[in-house]
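Its first residue numbered 776, the sequence shown is counted upward by one per residue in this note's numbering.
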Amino acid sequence: MSKASPQQIPVVVLAGFLGSGKTTLLNHLLHRSGGTRIGAIVNDFGSIEIDAMAVAGQLGDSTVSLGNGCLCCAVDASELDEYLEKLTRPVNDMHAIDVIVIEASGIAEPQELVRMVLASDNPRIVYGGLIEVVDTAEFDATREKHPEVERHLGIADLVVVNKGDRVGPDERERVLGAVRAAAGRAAVVSASYGRIDPALLFDCRPTEERIGQLSFDDLHRHDDDGGDGEGDRHGSRAAHDTHLHAAYDSVAFTSDVPMDPRRLIAFLDSRPEGLYRIKGYVDFGAGDTGNRYAVHAVGRFLRFYPEPWPGGEERLTQLVLIGSGIDAADLGKQLDAAKSDAPHTVDEQGMWGVLRYVQDKGEAEEVADYVDPEADLAPDPVPDPLPRS
């Protein structure tokens, strides 16, 4: 399965208040990315760039550190584009990295970072989601001191309720319930030491695959033996990692019958809470006989990318759905119901809903709807859905 768009690199915004465990989570992703090459924009606050030093050397020239202020107020969109341009610049006509993670400072406004990513002029990137990290043990204190955390949770695509090992099971469940209530449709996963499966956030290359530069894994294979010390303190990484998959579920869907565009858009507009990512290709049959449609959805963000069918390739719809607490069987039934009853009949208006999610010049104007926590995100009647960008 290919990336949602072959030409675009997902940009993931990693946010959370001070001490929630963002840098720990980022370092975990770097260690457990498989062969995936991660570029990072590390957004520090203060004169000593402690967080940048925590990841420095792991990414080398792929690390961009922004000191003395938070990115959302110290760097405008054009300057962010400069950093994104550096990280996405092709090397020998190929991308040097596969995904970009922006680690926000603990006082940054995540909605501003999302706004800046969505408004970027860089054609090589695509929004990869807002990840909000919460400290389980300090959640009540954080909410009292920073009531805006409710708003941050409300616009997140994925919430990582971190440091779950620091409280008892009852307290952990209580905090998870409070976070889910505030997060709405976002996927919510519990974690300790920031250990979530990278596959929840981005496509992972096979560890053996090497293109261009060395993978970070090549430099840290000794970690598998607990060589970094963290495994000795908290139990081996391998033991923890074998259970990472339990934090999310995935559904694979394949159909040799074309999809009905109206029904598929209705499904996508009403996708359930906890369904975090959708990726793959869609065959709309008579709706567009010349193209297949790469689909990329993260949280409420949705894009289709039409591209010509490869010569000689069987025309199939192939989708992977990833989320937390999702009903795999029900999702499969809903997708089956979205197949076209008359795959050879042209519905002239049927593709309108799909085409509204094809990236175009109106993107910047749509950003406000996505990041406005007061916006009505309920699905509109098909065939006239409201793009949530």
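Backbone N, C-alpha and C fix where the C-beta goes; we use that ideal spot for every residue, glycine too. Note that the coordinates shown come from a computational prediction; the quantities given were computed from them, not determined experimentally.
Three-state class that DSSP yields for residue i in the structure shown
{"i": "G1062", "result": "helix"}
{"i": "P922", "result": "coil"}
{"i": "T1029", "result": "strand"}
{"i": "L893", "result": "helix"}
{"i": "S837", "result": "helix"}
{"i": "G939", "result": "helix"}
{"i": "I882", "result": "coil"}
{"i": "L989", "result": "Residue placement at L989 is flagged as unreliable, the pLDDT there being 37, under the threshold of 50; the coordinate-derived value follows with that caveat. L989 falls in the coil class under three-state DSSP."}
{"i": "P1118", "result": "coil"}
{"i": "T911", "result": "coil"}
{"i": "R1052", "result": "strand"}
{"i": "A1103", "result": "helix"}
{"i": "Q1109", "result": "helix"}
{"i": "G1098", "result": "strand"}
{"i": "Y968", "result": "coil"}
{"i": "R947", "result": "helix"}
{"i": "G810", "result": "coil"}
{"i": "D873", "result": "coil"}
{"i": "G1128", "result": "helix"}
{"i": "D1035", "result": "coil"}
{"i": "E1123", "result": "coil"}
Nearest-angstrom Cα separation, counted from residue j out to residue i
{"i": "Q1124", "j": "N867", "result": "42 angstroms"}
{"i": "P1081", "j": "G969", "result": "36 angstroms"}
{"i": "A1112", "j": "E887", "result": "38 angstroms"}
{"i": "S1099", "j": "Y1051", "result": "7 angstroms"}
{"i": "G1107", "j": "A961", "result": "20 angstroms"}
{"i": "T863", "j": "S795", "result": "29 angstroms"}
{"i": "W1127", "j": "M891", "result": "28 angstroms"}
{"i": "G801", "j": "A957", "result": "The sequence shown places Leu at residue 801, rather than the Gly named in the question. Approximately 24 angstroms, taken between the alpha carbons."}
{"i": "T838", "j": "H803", "result": "16 angstroms"}
{"i": "E857", "j": "V788", "result": "17 angstroms"}
{"i": "G952", "j": "P1047", "result": "17 angstroms"}
{"i": "P865", "j": "A871", "result": "6 angstroms"}
{"i": "H806", "j": "T1120", "result": "50 angstroms"}
{"i": "V934", "j": "R1131", "result": "28 angstroms"}
{"i": "P944", "j": "G1086", "result": "54 angstroms"}
{"i": "E1174", "j": "T911", "result": "Because the chain spans 776 through 1164 in this model, residue 1174 falls outside it and cannot be assessed."}
{"i": "D1116", "j": "D1122", "result": "12 angstroms"}
{"i": "V950", "j": "D1105", "result": "28 angstroms"}
Of the listed residues the options, nearest to residue i (C-alpha basis)
{"i": "V963", "options": "K1114, G943, E913 and D1024", "result": "D1024"}
{"i": "T1029", "options": "G1055, C847, G959 and V934", "result": "G1055"}
{"i": "Q783", "options": "G810, S853, V1129 and D873", "result": "D873"}
{"i": "R941", "options": "E919, R807, E913 and R955", "result": "E913"}
{"i": "V1032", "options": "Q1093, D972, V909 and S1045", "result": "Q1093"}
{"i": "P785", "options": "N897, P944 and G929", "result": "N897"}
{"i": "H921", "options": "V909, G952 and G1086", "result": "V909"}
{"i": "L905", "options": "P885, T911 and A894", "result": "P885"}
{"i": "S1045", "options": "G943, L1077, T811 and I930", "result": "L1077"}
{"i": "V936", "options": "G943, P944 and S965", "result": "S965"}
{"i": "V1133", "options": "G1086, V1070 and G1087", "result": "V1070"}
{"i": "M869", "options": "T911, R812 and V889", "result": "R812"}
{"i": "V889", "options": "I930, S853 and T911", "result": "I930"}
CB of residue i within 8 angstroms of CB of residue j, strictly
{"i": "G814", "j": "I900", "result": "no"}
{"i": "F792", "j": "G881", "result": "yes"}
{"i": "A790", "j": "A916", "result": "no"}
{"i": "G959", "j": "V1073", "result": "no"}
{"i": "E907", "j": "H927", "result": "yes"}
{"i": "I1053", "j": "L1096", "result": "yes"}
{"i": "G810", "j": "R1090", "result": "no"}
{"i": "S808", "j": "L859", "result": "no"}
{"i": "I1101", "j": "G1049", "result": "yes"}
{"i": "V1026", "j": "A1103", "result": "yes"}
Cβ shell of residue i (< 8 angstroms), same chain only, five flanking positions each side left out
{"i": "G1065", "result": "P1083 and W1084"}
{"i": "V1129", "result": "P1036, L1039, I1040, F1059, G1062, Y1068 and F1079"}
Spatial neighbours of residue i in its chain, beta-carbon cut-off 7 angstroms, leaving aside the 5 residues before and after
{"i": "N818", "result": "L841, C845, L846, I877, E878, A879, S880 and A883"}
{"i": "K1114", "result": "S1030, V1032, M1034 and D1035"}
{"i": "G1137", "result": "At G1137 the pLDDT is 42, less than 50, meaning the model places this residue with poor confidence; the figure from the coordinates comes in the next sentence. The answer is none, since no qualifying residue turns up."}
{"i": "K861", "result": "V839"}
{"i": "E946", "result": "none"}
{"i": "P1118", "result": "V1032, P1033, G1060 and A1061"}
{"i": "S853", "result": "none"}
Proximal residues to residue i (C-beta, below 6 angstroms), its chain only, five neighbours per side dropped
{"i": "S967", "result": "G939 and D940"}
{"i": "R955", "result": "V963"}
{"i": "R918", "result": "V924"}
{"i": "I816", "result": "V839, Y858 and I877"}
{"i": "F1042", "result": "Q1109 and A1113"}
{"i": "L855", "result": "M891"}
{"i": "V1057", "result": "M1034, Y1068, V1070 and T1092"}
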